[in-house]
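What follows is a set of notes on a single structure, which appears directly below.
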Amino acid sequence: MMKWMTRFFMYLDRYYVKHHSLPTLDDAGLQSFDRMVFQKVKVRVKDAMIELIEKERNGELIDTTLMRNCVEIFEVMGMKSLDVYQTCLEMDLVLTSATYYERKSKGWLCEDSTPVYLQKVEEALQSERSRVHTYLHKSTEPKLVDELENVLLEAAQKELIERENSGVIALLKNDKLDDLARMYRLFARLKSGLEPIANLVQQHITAVGNDIVAKRANAVASGNVRDPSSDPTFIKDILAIHDKFRSIVNDQFAGNSLFQKALKEAFVEFVNRDVGPDSSAKLMSTFCDRILKTGGEKLSDEQVEDYLEKVVFVFSYLTDKDLFAEIYRNQLAKRLLNQRSASADAEVLMIGKLKLRCGAQFTGKMEGMMNDLAIGSDHHHEFEGFLKKQREKGPNEAALSLEFSVQVLTTGYWPSYRILEVTMPPLMVRCMNLFKVYYDSKTSHRRLQWVHSLGNATIRANFPKKKWYDLQVTTLQAVALLLFNEGDGALSFEAVRESLNLTVDVVKRIMHSLSCGKYKLLTKTPAGKTISTSDQFMLNRTFASPMRKLRIPMASLEESHSQKSVEEDRSIAIEAAIVRIMKARKTLQHQQLISEVLSQLAFFKPNLKVIKRRIEALIDREYLERDPDQANTYRYLA
Numbered sequence: 001m002m003k004w005m006t007r008f009f010m011y012l013d014r015y016y017v018k019h020h021s022l023p024t025l026d027d028a029g030l031q032s033f034d035r036m037v038f039q040k041v042k043v044r045v046k047d048a049m050i051e052l053i054e055k056e057r058n059g060e061l062i063d064t065t066l067m068r069n070c071v072e073i074f075e076v077m078g079m080k081s082l083d084v085y086q087t088c089l090e091m092d093l094v095l096t097s098a099t100y101y102e103r104k105s106k107g108w109l110c111e112d113s114t115p116v117y118l119q120k121v122e123e124a125l126q127s128e129r130s131r132v133h134t135y136l137h138k139s140t141e142p143k144l145v146d147e148l149e150n151v152l153l154e155a156a157q158k159e160l161i162e163r164e165n166s167g168v169i170a171l172l173k174n175d176k177l178d179d180l181a182r183m184y185r186l187f188a189r190l191k192s193g194l195e196p197i198a199n200l201v202q203q204h205i206t207a208v209g210n211d212i213v214a215k216r217a218n219a220v221a222s223g224n225v226r227d228p229s230s231d232p233t234f235i236k237d238i239l240a241i242h243d244k245f246r247s248i249v250n251d252q253f254a255g256n257s258l259f260q261k262a263l264k265e266a267f268v269e270f271v272n273r274d275v276g277p278d279s280s281a282k283l284m285s286t287f288c289d290r291i292l293k294t295g296g297e298k299l300s301d302e303q304v305e306d307y308l309e310k311v312v313f314v315f316s317y318l319t320d321k322d323l324f325a326e327i328y329r330n331q332l333a334k335r336l337l338n339q340r341s342a343s344a345d346a347e348v349l350m351i352g353k354l355k356l357r358c359g360a361q362f363t364g365k366m367e368g369m370m371n372d373l374a375i376g377s378d379h380h381h382e383f384e385g386f387l388k389k390q391r392e393k394g395p396n397e398a399a400l401s402l403e404f405s406v407q408v409l410t411t412g413y414w415p416s417y418r419i420l421e422v423t424m425p426p427l428m429v430r431c432m433n434l435f436k437v438y439y440d441s442k443t444s445h446r447r448l449q450w451v452h453s454l455g456n457a458t459i460r461a462n463f464p465k466k467k468w469y470d471l472q473v474t475t476l477q478a479v480a481l482l483l484f485n486e487g488d489g490a491l492s493f494e495a496v497r498e499s500l501n502l503t504v505d506v507v508k509r510i511m512h513s514l515s516c517g518k519y520k521l522l523t524k525t526p527a528g529k530t531i532s533t534s535d536q537f538m539l540n541r542t543f544a545s546p547m548r549k550l551r552i553p554m555a556s557l558e559e560s561h562s563q564k565s566v567e568e569d570r571s572i573a574i575e576a577a578i579v580r581i582m583k584a585r586k587t588l589q590h591q592q593l594i595s596e597v598l599s600q601l602a603f604f605k606p607n608l609k610v611i612k613r614r615i616e617a618l619i620d621r622e623y624l625e626r627d628p629d630q631a632n633t634y635r636y637l638a
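For the sequence shown, UniProt numbering begins at 1 and goes up steadily by one.
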């Protein structure tokens, strides 16, 4: 009616009303409608609308067009403002909706599991959003949804997530990924809705990890692990659970930083626990050694790369990263020097991943080792050219009756090795002297030092039962075997020791490998599995094997890593950090200095007593001094 009246009296509205400052016909009509109709029926209309909405929630069909028309009246009566709509309809609608869903929530909590409850909540929220879009004003949606989230989610969260059979931990145990994703979506809308869930996720991951660690410790204690220093099953179990939970964090929890932190803190807790005689750092490095060397795990290039990626990720949780680096460097050296590396590309790939994770300082020595090997092939070709030129001077100048190659190592990059003053056979001495002449002609700034414990050789051996065998041995084994070419092929332990000029311990290892190992090239008297200084050795003339090429293993003379070297490197790193900090700050209290040192040491977590000792050492060397007025304050001395 008002529209028709406005059209009919348009001229009046446009001129007379305007010039006499009177209300427009629209406003006058609304005011009349408000006074004569709206004020009398608004409460009943509101109650009727709320009743219809509740019927719709319970599954009944209602006239949504009528609802939309009623809402429009509340909107229009505000005279271009939503005040009337909000105070006369929306406020009560939100409150009654909260009451309705509070009642529903109690029933669902009694009847349903957490996943079913959350499904119903998700459906209810979607239904309310749809209702707003159909006939309510759009500004109602955030108010209504916020109120319902408080009633349905926040009030019930503790019970829902901690339920024994359907809470967070139960969902994780049973791999209910869709339910976990729904839980994340819903509780992410609450201000602090994700923290308690992240805490439970961390608790579960820690428990799973601790179970694996305990299983490993029990197996080692009961002797059920064949080689405690190399336990690939343990590392694979750790990698598997990391894969699983990292995937859940990234997919179901959308990579949320709270869950990233929960994953990290859980792994940091159990990966650094005591796992038997060997640390996780050593087991992890040994696992890498196993998949990177020939004869280890039978894996494709893609599988090797995948494992390395996973190991480096878990490695980032280690507090003793420097210990891993030292062990890994020793094992890398053995692979490279013994030509046991399955793939140079895989070695470079692993070093690159560690460099990306920890920086160039962490991998500098490893990269130097790889570079030495690359240069070594150039040395080999140049040495061949040198020998050729020497032969041109005279036929006997560089005549070698054996193939001979040398790998030159840069001392600073490689682990420290024992220097053995072994007496070498004249033929080998001639080879070594020729290489020294060649190398001295290349540089005058470096000095060669022979590390015979790292060398290897292939010897052609003739035994009576078969024509020949190619024996792959270490240089020390080769030198010992050559002694048995003289005389009747029999020597005492003491005769071998004097001829080689080596310690009793080293000679015992050599002779054990030749007479007590898988391939008994020598026989000993008396027979047995241990070597004594009174033993007699003789060439085993009855030796026979179906294979022509035989590798004769020998116990390493070198440690897999030097704890002393690790401690020395740590002391240097701690002192460098202290000096850096004090140079910048000039004056600092003891506790502040400790905190800043800990924050700067990325590769290990030092004991506080060790830091204190390094501070005292720097005071003794006059890098720092104590403040005479404040005993717990240090000053930097320029």
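Virtual Cβ for every residue (Gly too), placed ideally from N, Cα, C.
This structure is a prediction, so every number in the text was calculated from the model and none was measured.
Handout entry: Tyr413, enclosing alpha helix (DSSP H) - first and last residue
Key = From DSSP, Tyr413 is part of no alpha helix (DSSP H); its letter is neither H nor E.
Exercise for the section: May I have the straight-line CA-CA distance separating Lys334 from Ser341, to the nearest angstrom? Expected result: Going by the C-alpha atoms only, they are around 9 angstroms apart.
Exercise for the section: Under the assumption that Ser571 contacts Arg621 (Cβ atoms under 8 angstroms), give the Cβ distance between them as a whole number of angstroms. Expected result: Rounded, the Cβ-Cβ distance is 13 angstroms, inconsistent with contact.
Exercise for the section: Closer than 6 angstroms by C-beta to Phe383: which residues in its own chain qualify, once you throw out the five before and the five after it? Chain order, please. Expected result: Tyr438
Handout entry: For Ser515, the three-state DSSP class (helix, strand or coil)
Key = If DSSP states are grouped into helix, strand and coil, Ser515 belongs with the helices.
Problem - Span of the alpha helix (DSSP H), counted from its first residue to its last, around Asn210 - result: Looking at the DSSP string, the run of the alpha helix (DSSP H) that includes Asn210 is Glu195 to Ala221.
Exercise for the section: Entirely within the region 544-617 and at least 3 residues each: give me those beta strand (DSSP E) ranges in chain order. Expected result: 549-551 and 587-589
Practice task
Whole angstroms is fine: what's the gap from Ala207's alpha carbon to Thr319's?
Solution key: 20 angstroms
Practice task
Take Asp227 as the anchor and find which of Arg290, Asn250 and His242 has the nearest alpha-carbon.
Solution key: Arg290
Handout entry: Ala344 in three-state terms, based on DSSP
Key = Under the three-state reduction of DSSP output, Ala344 falls in the helix class.
Problem - Where Gln472 falls: helix, strand or coil (DSSP) - result: strand
Handout entry: 7 angstroms CB neighbourhood of Ile611 in its chain, flanking five on each side removed
Key = Ile574, Ile594 and Val597
Exercise for the section: Check Ala461 in the structure and name its three-state DSSP category. Expected result: strand
Practice task
Please state whether DSSP places Tyr623 in a helix, a strand or coil.
Solution key: coil
Handout entry: Reference Lys138, options Gln86, Ile169, Lys104 and Asn456, closest by Cα
Key = Gln86
Exercise for the section: Below 8 angstroms on the Cβ atoms is my guess for Phe537 versus Met511; work out the distance and round it to an integer in Å. Expected result: Correct: roughly 6 angstroms between the Cβ atoms.
Exercise for the section: Compute the distance between the beta-carbons of Val71 and Lys143, then report whether it is under 7 angstroms. Expected result: Cβ distance not < 7 angstroms, so Val71 and Lys143 don't count as in contact.
Exercise for the section: Assuming Thr533 contacts Val504 (C-beta within less than 8 angstroms), just tell me the rounded distance between them. Expected result: About 6 angstroms separates the two Cβ atoms, so the contact holds.
Problem - Spatial distance of Leu268 from Tyr317 (CA atoms) - result: Sequence inspection shows Val at residue 268; the Leu mentioned does not correspond to that position. Each residue's Cα considered, the two are about 5 angstroms apart.
Problem - Helix, strand or coil at Tyr317 according to DSSP, with G and I counted as helix - result: Tyr317 falls in the coil class under three-state DSSP.
Practice task
Return the residue from the list Lys389, Thr423, Thr410 and Lys264 that minimises the CA-CA distance to His445.
Solution key: Thr410
Handout entry: Cys358 burial status per 10 Å Cβ neighbour count (16 or more: buried)
Key = buried
Practice task
For the region 207-293, list the alpha helix (DSSP H) runs that are entirely contained and at least 4 residues long, ordered along the chain.
Solution key: 232-251, 257-271 and 280-292
Handout entry: Cβ-based burial, Gly223 [other Cβ within 10 Å; buried from 16]
Key = By the neighbour-count rule (16 or more Cβ atoms within 10 Å), Gly223 is not buried but exposed.
Exercise for the section: Please confirm whether Gly376 and Gln407 have their CB atoms less than 7 angstroms apart. Expected result: yes
Handout entry: Three CB pairs or more closer than 8 angstroms across the region 177-190 and the region 149-162
Key = Under the three-pair Cβ rule at 8 angstroms, the region 177-190 counts as touching the region 149-162.
Exercise for the section: Evaluate the contact criterion for the region 237-257 versus the region 584-591: three or more CB pairs, one atom per stretch, below 8 angstroms. Expected result: no
Handout entry: Pair within 7 angstroms by beta-carbon distance, Met91 and Val84
Key = no
Exercise for the section: Can you tell me which of the three DSSP states Phe537 falls into? Expected result: strand
Handout entry: Other residues of its chain near Ile50: CB distance less than 7 angstroms, five sequence neighbours each side excluded
Key = Asp92, Leu93 and Thr96
Practice task
Report the option in Lys46, Phe234, Ala155 and Glu486 whose CA atom is closest to the CA atom of Leu66.
Solution key: Lys46
Practice task
Can you say whether Ile212 is buried or exposed, counting buried as having 16 or more other CB atoms within 10 angstroms of its CB?
Solution key: Burial call: buried.
Practice task
Below 6 angstroms CB to CB, which residues in the same chain sit around Glu102 once its five sequence neighbours on both sides are set aside?
Solution key: Val151
Exercise for the section: To the nearest angstrom, report how far apart Asp440 and Leu332 are at their CA atoms. Expected result: Roughly 28 angstroms between the two C-alpha positions.
Exercise for the section: Look at Thr474 and Asn456 and say whether their C-beta atoms are less than 7 angstroms apart. Expected result: yes
Exercise for the section: Give the DSSP-derived three-state secondary structure of Lys365 in the structure shown. Expected result: The three-state secondary structure of Lys365, taken from DSSP, is helix.
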